[in-house]
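Working notes, beginning with the structure itself.
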Amino acid sequence: MKRAAVLFFALFAVYAATIGLDSFDESDYGGDEPHYLLAAESLIDDGDLDVKNQYVERSYSDFYPYDLDKHGIETEGRLHEPHGIGFPLLIAPAMAIGGEQGVELFMAALAALAVMLAYLLALRVAPDPWALGAATAVGLSAPLLAYGSA
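Mapping to the working numbering: the sequence shown position 64 is 502, numbers consecutive.
Have a look at this one:
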């Protein structure tokens, strides 16, 4: 269990070190990330998923310096992001506590937790050092380094 904790904290530190690397010239976020952050902000500020007023007020300008295209379709005067409610609900507490950097740290912790749990699962079929080596290799792979805090 001690090795699992060391693996978690080591990977969390590595993932947290990637925070602040720009996805684009002036932004830490790309793809659908700003849309998820905007939906979480709507949950925090308004208690709903209607992001129409967030777009009007350009609430995303704190974390996304470009124009953000609307992905949803306006119905009955409301604009809902089509990405669903699950992920915005998951990150809303972290966003409320620490803003977008809080979300990045939360995501880094989730990624490190996932690899740690995979290590504990691997111990059921392979002994150390093989289980630890495999979990470390996966934890330090390019996809997890790139998306560990995204």
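For each residue, glycine too, the CB sits at the ideal point set by N, CA and C. Keep in mind that this is a model prediction, so the values were computed, not measured.
So the candidates are the options; which of them puts its Cα closest to the Cα of residue i?
i, options, result
"F501", "L561, V541 and T456", "V541"
"L570", "T513, P503, S497 and M554", "M554"
"K405", "Y453, D566, A547 and F544", "A query on residue 405 cannot be resolved here, the shown segment of the chain reaching from 439 to 588 and no further."
"L582", "L476, W568, A546 and H473", "A546"
"A532", "A454, W568 and L475", "L475"
"A442", "S579, L558 and A580", "L558"
"H521", "A552, S499 and V489", "V489"
"F525", "E512, R516, D470 and A552", "D470"
"V452", "R562, L548 and W568", "L548"
"I523", "P503, Q492 and G485", "G485"
State the beta-bridge partners of residue i as determined by DSSP.
i, result
"H518", "D488"
"T456", "Note: T456 sits in no beta bridge, so no partner."
"E512", "L517"
Does residue i pass the burial test, meaning 16 or more other C-beta atoms within 10 Å, or should it be called exposed?
i, result
"L506", "buried"
"L445", "buried"
"A564", "exposed"
"E514", "exposed"
"A588", "buried"
"S579", "exposed"
"P472", "buried"
"G586", "buried"
"E538", "buried"
What is the C-beta distance between residue i and residue j, in whole angstroms, given that I count them as a contact (C-beta under 8 angstroms)?
i, j, result
"A530", "A478", "4 angstroms"
"E495", "H509", "At roughly 17 angstroms, the Cβ-Cβ gap does not stay under 8 angstroms, so E495 and H509 are not in contact."
"G577", "L459", "Going by Cβ atoms, the distance from G577 to L459 rounds to 18 angstroms, so no, they are not a contact pair."
"A550", "A560", "15 angstroms between Cβ atoms; not a contact."
"L527", "G536", "17 angstroms between Cβ atoms; not a contact."
"I457", "A534", "In fact, because the Cβ distance is near 18 angstroms, the residues do not count as touching under 8 angstroms."
"L487", "S480", "6 angstroms"
Would you mind reading off the limits of the alpha helix (DSSP H) that contains residue i?
i, result
"I535", "G524 to A560"
"G577", "W568 to G577"
"P503", "Looking at the DSSP string, P503 is not in any alpha helix (DSSP H), and its letter there is neither H nor E."
"Y585", "A580 to Y585"
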